[in-house]
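Peer 1:
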Amino acid sequence: MTSSALLPLMILVPFVGAGIVALLPARRTELFRPIALLTSIVVLGMAVFMLVNFKVGDPGYQFESNTTWIKDLGISLHFGVDGISLFLVVLAAGIFPIALLGSNPDHDPKPYYGWLLVLLAGSIGVFCALDLVVFFVFFEIVLVPMYFLIGLWGHGRRVYAATKFFLYTMFGSALMLVGLIALAVLHQKAVGGPLTFDLVTLAREQALSTTASRWIFVAFAVAFAVKVPLFPLHTWLPDAHTEAPTAGSVLLAAVMLKLGTYGFVRFGLDLFPEASVWAAPVMLTLGVVGIVYGAICATMQKDLKRLVAYSSVAHLGFIVLGIFSITTQGIEGGILQMVNHGITTGALFLLVGMVYERRHTREISALSGLQSSAPVMAGVFTLVMLSSIGLPGLNGFVGEFLALLGAFKGARWWGVVAVTGVILAALYLLWAYQRVFHGKAEGENAKMRDLTWSEGAVLAPLLFLIVFLGIYPKVMLDRIEPSVKALVVHIDRNVEGFDAKDVTPKIAPAAKGAEHGGEG
Amino acid sequence: MTAAVLQNVLASVGGLPSIEFSSVAPSIILALGGVLLLTVVSVTKDKLPVWFPAVWTISAAVAALCTVFRLWIRVGKWGNLSLISGAVGLDRFSLFVIGTLCVSVVMGALLLEGYLRREDLEGPEWYVLLLLAAAGGTTMAAANDLIVLFIGLEILSIAVYILSAMHRRRMSSLESGLKYFIHGAFASAFLLYGIAMVYGATGSTNLARISTFLADNVITQNGLMLGGIALMLVGFAFKVAAVPFHQWAPDVYQGAPTPVSAFMAAAVKTAAFAGMIRVFVLALGPTYRDEWRPMVLALAVLSLLVGSVMALVQTNVKRMLAYSSIGHAGFILVAVHSSTAMGTSAALFYLLSYTFMVMGSFGVVAVVGRKGDGHHQLSDYRGLGRIRPGLALAFTIFLLAQAGVPLTAGFLSKFYVIRSAIDSGDTALGVVAMLAAVIAAFLYLRVIVAMYFEGEPGDEVAPVKVPAAVSVAIGIALAGTLLLGIVPDPVTHAANEATAELVAPRR
Amino acid sequence: MFTLTETWYLVLAALIFSIGAVGLLVRRNVLVMFMCVELMLNAVNLTFVSFSTALDDLGGQTAVFFVLVVAAAEVVVGLGIIVAIMRRRQSADVDDISLMRG
Amino acid sequence: MSNPLSDLLRSYLAVGLFASLGFILVGLLLFLSWLVRPSRPQAQKYISYESGVDPVGDMWSQSQVRYYIFALLFVMFDVEAVFIFPWATRVELYGVFGLVEMLVFIGILLLGLVYAWRKGVLRWA
Amino acid sequence: MRVEMFTFLLAGAICLGGALGVVLLKNPVHNALSLVATLFGVAVLFVNQGAYFLAAIQVIVYAGAIVILFLFVIMLLGVDRETDEGREPLVAQRPLAVATGLAILGLSLVALLSAGQRATGDKADLAPLNQPGPDINHLAEVLFTRYVYAFEITAVLLTVAVVGAVVLSKRTNEPLIDLDEFPEGTVVDVRRRADDAKAQDEVDADAEVVAVPDTEGDPQEGGDD
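In order, the protein sequences belong to chains P, G, U, R and A. By our numbering, the letter at position 470 of the first sequence is numbered 510, and the numbering carries on one by one without gaps. By our numbering, the letter at position 251 of the second sequence is numbered 307, and the numbering carries on one by one without gaps. By our numbering, the letter at position 6 of the third sequence is numbered 9, and the numbering carries on one by one without gaps. By our numbering, the letter at position 8 of the fourth sequence is numbered 86, and the numbering carries on one by one without gaps. By our numbering, the letter at position 59 of the fifth sequence is numbered 56, and the numbering carries on one by one without gaps.
(1) Going by the beta-carbon positions, is the gap between Asp238 of chain P and Leu170 of chain P smaller than 8 angstroms?
(2) Give the DSSP-derived three-state secondary structure of Phe55 of chain P in the structure shown.
(3) Applying the 10 Å Cβ sphere with the 16-neighbour rule, what's the burial state of Thr79 of chain P?
(4) Work out the CA separation of Gly193 of chain G and Thr326 of chain G for me, nearest whole Å.
(5) If I measure Cβ to Cβ from Ser105 of chain P and keep anything under 7 angstroms in the same chain, skipping five residues before and after, which residues do I get?
(6) With a threshold of 16 other CB atoms inside 10 Å of the CB of Cys122 of chain G, please say whether the residue is buried or exposed.
(7) Please list the terminal residues of the continuous alpha helix (DSSP H) segment that includes Glu231 of chain G.
(8) Could you pull out every unbroken alpha helix (DSSP H) segment of at least 4 residues lying fully inside the stretch 259 to 305 of chain G, listed in chain order?
(9) Who are the near neighbours of Arg224 of chain G in its chain, counting only those whose CB is closer than 8 angstroms to its CB and skipping five residues on each side?
(10) Please decide whether Gly111 of chain U counts as near chain R, where near means a Cβ-Cβ distance under 8 angstroms.
(11) Of all the options P:Asp490, P:His400, P:Ala335 and P:Val416, which has the alpha carbon lying nearest to the alpha carbon of Leu464 of chain P?
(12) Less than 8 angstroms between the beta carbons of Ala402 of chain G and Phe152 of chain G, yes or no?
(13) Tell me, which residues are paired with Thr108 of chain P by DSSP?
(14) What is the rounded straight-line gap between the Cα of Phe109 of chain R and the Cα of Gly38 of chain A?
(15) I want to verify the contact list: residues of chain G whose CB lies under 7 angstroms from the CB of Ala214 of chain P, in sequence order.
(16) At a CB distance below 9 angstroms, what residues from the stretch 92 to 110 of chain G approach chain R? Give them in sequence order.
(17) Compare the C-beta of Val192 of chain R against all C-beta atoms of chain G and say whether one is closer than 8 angstroms.
(18) How would you call Glu181 of chain G, buried or exposed, if buried means at least 16 neighbouring beta carbons within 10 angstroms?
(19) For Arg196 of chain R, would you say it is in contact with chain G, using Cβ-to-Cβ distances shorter than 8 angstroms as the test?
(20) Between Val456 of chain P and Ala263 of chain P, what straight-line distance do the alpha-carbon atoms span, to the nearest angstrom?
(21) Just to check my reading of the structure: Phe136 of chain P and Leu160 of chain P have Cβ atoms closer than 8 angstroms, yes? What is that Cβ distance to the nearest angstrom?
(22) Could you give the DSSP three-state label for Phe125 of chain G: helix, strand or coil?
(23) I need the DSSP call for Val106 of chain G, collapsed to helix, strand or coil.
(24) Under a CB-based cut-off of 8 angstroms, is Val70 of chain U close to chain A?
(25) Figure out for me which residue from G:Glu557, G:Asn552 and G:Val543 has the closest Cα to the Cα of Leu117 of chain P.
(26) Evaluate the contact criterion for the stretch 394 to 410 of chain G versus the stretch 470 to 484 of chain G: three or more CB pairs, one atom per stretch, below 8 angstroms.
(27) When the Cα of Asp518 of chain P is compared with those of P:Leu376, P:Val498 and P:Trp471, which residue comes out closest?
(28) Give the straight-line distance between the Cα atoms of Arg444 of chain G and Pro65 of chain P, rounded to the nearest whole angstrom.
(29) Does the distance from the C-beta atom of Ala529 of chain G to that of Leu167 of chain G stay below 8 angstroms?
(30) May I ask you to list, following chain order, the residues of the stretch 269 to 287 of chain G that have a beta carbon less than 9 angstroms from some beta carbon of chain A?
(31) Strictly below 9 angstroms CB to CB, what residues from chain P border Phe319 of chain G?
(32) Exposed or buried, which one is Gly541 of chain G when buried takes at least 16 other CB atoms within 10 Å?
(33) Tell me whether Leu186 of chain G is buried or exposed, calling it buried when 16 or more other Cβ atoms sit within 10 Å of its Cβ.
(34) Is there a Cβ from chain G that is less than 8 angstroms from the Cβ of Val158 of chain P?
(35) Tell me which residues share the same chain as Lys345 of chain P and place their Cβ nearer than 8 angstroms to its Cβ, disregarding the 5 neighbours each side in the sequence.
(36) What is the residue span of the beta strand (DSSP E) that Leu146 of chain G lies within?
Encoded structure:
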């Protein structure tokens, strides 16, 4: 794999953009938004270029680049993208301009756009880092801008929410830091040679004893559980989402939450296969509890944004369910759902933000009969809501179905309980839609202006993706499958008594011609 | 090169110890710098420009730094030396520490320059004592003999006692000086009693001879030795403000003038830890490791927890920084606890990055303290983000660095320490250390919240005047904190090579 | 009668050291605290000399030399600070001084 | 321990005996007179005697501030002198080395003295 | 041998008596005098062990200069009258202090008594002690050749002390600016005292011609401190 400078460039450009924004004098407010937009467009272009040049059948890492950062500690700037992380990087790069255009800050835009660009750099870096320490660095770097975004431009109890968000994640990442250092040190003791934090070598050599790798997996799992967020550690999510500014909550939902689930796949299954299988029942239970708990809480919410936040908890529960079913379909479903959730929930948050800009309230009780005053918005909201529920033919369904398929094979009883989650999801969203959009519209609700062209243009790509991926997910599945298959084979080889209960995927209209011989 | 001439004149006298002056050049430059500054200013009687002492101090510190580099290369070529009949150990460990001390002197002088003019205190004594304190610190760092180490420690401590009591118009400055003096004297007595006991048990105060003696023969009745180790540890723990010997630190940091608290937090801690590593890890490490490590472990864990938890309840930012520096001392104690070469280089790297972080933070605190150095409550920081965004951003970076956020020196130093702890087998200690860091992070967030999030745009905030010298110091600190975090290779490499070695003196 | 070994001296020195330490912790008057510090340093000197005699080695006695110098410097600076405080105020009690209790 | 030491001490024994004898005698006399004399304490008897005149002011007159700095500096240069004593006894052994060594020592302290003098601290008037 | 034992017991008794005197007596002057007693006891013990020069220095420097300095400061500040120990600011102060004191006492005793410690180091490591001739010569030989570095940095230490003494004795009657900084509770009497201090300073100013120059009207002074 020739070392291509694409990925480091994609990380560097936003940093440069942030630097330019920081250096400009605060008076020139009109400059910051275009610069931010331009930078994100450039990054999006690079992401599309990467998507186009991605060799479909190749399970390994592509566009790799590897330069040593700290020689004494064996830390190297090793970047690479494979089937699993490709679409997450594209999602991050794609959702960013949309979130940028979706709303503008009410006071001092200079630091706002500066922190946003740093957030973009961090979120791209975290998905394509293949060195444990570099991953950790970006994992924490993403924290600081989000803290300031929530803290400075949020609403209501923003300081409390920001601090709670920062400390929860810091707690998790502190454990992860100790875990990854222990991993590297024990690996060096077992294998000898120089200390290295390179994910590929560590995963390949699996030099740790089972107890040690289980302990370290637990440390990683806590950090990712905080990020996902899984049930007991999720209390920061509703506050952070509701208090964050619209762009902040869109990015939080689309990118930040995926850190946890991506971490489980990349640093859970890949790095500690045996420990993941050992911990799978616990994780599945937490995932399923998350689905049911999220759904129940969502139904009781009086604040629209908080409702969407809790729905994220439910959706992420599905992703964890898919991942820890440890079957090809399950993991594929999980990864697909990560991307779909980013698109759908991102669109939902944008819509809620637009309602908030018009009506300055998010209370469901205060909003009613918006359908009559804003029919186009109601229509768009319906489409996005249906995708979030998982209506067949839209992108939500594909991911959930694959995850449930994998769950039924790998973890039957968890699958059964998870299905009830689908029904609950339909319940709370439809009920909320009915209360907000149907009924009589009087007073403020009546005069609410409809979706403007600019807002429509911003939402259009998301709507297109929702429909396109719902009908033709094969374009994504072809790229994800080889890497996931390689991952499952890697797990199978490293864990005795684990039969890769695999089933050939027979879904999707254009079913793939080639039959899969067994594990393939 | 009069030193060379003088040197071989002396060497010609038979049987006398040959003094390679170049080997102790840094301490000589700092000491003579201080003394000559004293006389030059007192002789010329105020005909010198007001910035003269500061420039003199900085040039002396920079000159000392250059000799450190030259000696670093020389030691690289000819290996470690024990000189002046065993009193001084010239090895890369002491050179690294001396380098850190010179950095803290430069930054201390810059902070003092801006501070003194604002408080309209004057007199070269501040700078003289700064230089002499640094000279004491360098002797301590390179001391191969317990007595030389003790005298170096005393020079450093007494100079800082006076510095902290010198702000004439603040009663709390006088009191912090007195409180620091009493605790310091108490600690020195304990340290000295420990040295006496070790002398009794091993027959010599020279570290090299002690370690060879302990290696050669096992003392059956080692009551004296254990007593000596315990008492010395108490003495060092006092100096480093490790819990439970830390009661003095918050009051003294709060009372003392802010640049002096900065120097205290950075240089005194660096020199004390260097002495501690030299005595415990190098001399007593190979033989008496299992005796002193549990004690250091207890000190480390207590300092980590108390340092971060107590900081949460403070409302005065200087007291907060005092408690957080106790937390940092706990971290360095973790590195000392591993008592391996890796642990030592982790401690060294931590001390250097800590010097940059703490000097920068106290620089900002000194500036926000406004005239009278009294405004240190959290409420005084409200709205700083608006009126002086640059200063607030710098302080945010220093605080996040102390919390251990990546791409800063703080992260890498904590990373290094945790690695050395895990490498010597105590992962649990690593977890405790990181959890303490998270608790401390909440403290730093409170200050950031005060600066940026509290206070409506409307209410006016007292103007903060940032003198030029202080902004230069904050700039250096910022550069150090970020460079050590992003491009740490040369420094980590140097820290790895900075292993110390006890060379037995030629009889 | 017993032979006079250095253990006797060491025990005496330990006693004086402890009395000095207790005195420093108990007494509130700053001047008395200083005297207790001097007591402790004297105890250390006695220990050094008795070890020096027992080990038949001059190292102990040279150490006492330097301890003396340090003690003198410490007292001068300590009393300098005390006089500076007293001129600012009248009473020498430490509790008035602990103005900055945390 | 070594016996030359004890006959040194023995020679002091005579001095010790003589001194204790003196103390005992004087003590005995005072004790006897205390035993015998009547004691009728009146305030008048206890005022301090200032050659017949009524005593003025406090007994402990507060000494002047400016002499205090002299005491401090005295201690410092007294300690310096303590270093010079042993040096003087073996000067011929060190030769030039000892000379330079002591010159540096005294020189640094001299600079300290010059500083104190220029600071105007040493004015006695 | 018996004479040595006798002098040890006598001098030991004096030392312990003096040490207890320093801690327990009320009047600082008595404390200072009992400190002198301890110093003499220690000096006798030095003589008992053959360190004559050290005994002489102990008497000259310690008893002669340092304790006199103590007495001088006691007289200067008029703190010689009984200071009432009754008022105990920190309620837990006294039992806590006594407890720690006993702990330290225990530590020292246990460390020494339990093992019946004998010096276990190797003999004559630096230089043999009992050579012929006065001990001052042997000391001198070692002090200025082997410990030359320690000797030179002592000069720096003394200079620091001189600078400290001069700087700290500089009198200033500029008003205190940090009194309002401390919460009301702790500074109740300090503010009152500060006012007395100012009154006292005025009294000082005119009562004495202050050699420490910061009285303004001192023409030939030139730039003072």
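Heads up, the beta-carbon is just placed ideally off N, CA and C, and yes, glycines get one too.
Peer 2: Here's the rundown:
(1) yes
(2) helix
(3) buried
(4) 8 angstroms
(5) Ser43, Ser44, Ala45, Leu47, Pro48 and Phe119
(6) exposed
(7) Start and end: Met227 to Thr258.
(8) Here the runs fully enclosed are 263 to 272 and 279 to 296.
(9) Leu177
(10) Because chain U in this structure spans residues 4 to 105, residue 111 of chain U falls outside the shown range and cannot be described.
(11) P:Ala335
(12) no
(13) P:Ser116
(14) 28 angstroms
(15) Met490, Leu491, Ala493 and Val494
(16) Leu92, Leu94, Thr95, Val97, Ser98, Val99 and Lys101
(17) yes
(18) buried
(19) yes
(20) 28 angstroms
(21) For a cut-off of 8 angstroms, the C-beta gap from Phe136 of chain P to Leu160 of chain P is around 5 angstroms, short enough to register as a contact.
(22) helix
(23) coil
(24) no
(25) G:Val543
(26) yes
(27) P:Leu376
(28) 14 angstroms
(29) Their beta carbons are under 8 angstroms apart, which means Ala529 of chain G touches Leu167 of chain G by this criterion.
(30) Phe269, Asp272, Asn273, Ile275, Thr276, Gln277, Asn278, Gly279, Leu280, Met281, Leu282, Gly283, Gly284, Ala286 and Leu287
(31) Going along chain P, no residue has its Cβ under 9 angstroms from Phe319 of chain G, so there is no contact; the nearest lies around 30 angstroms.
(32) buried
(33) buried
(34) Val158 of chain P does not count as touching chain G.
(35) His281, Thr282, Ser289, Phe389, Val392, Tyr396 and Arg402
(36) Unbroken beta strand (DSSP E) run through Leu146 of chain G: Val144 to Leu146.
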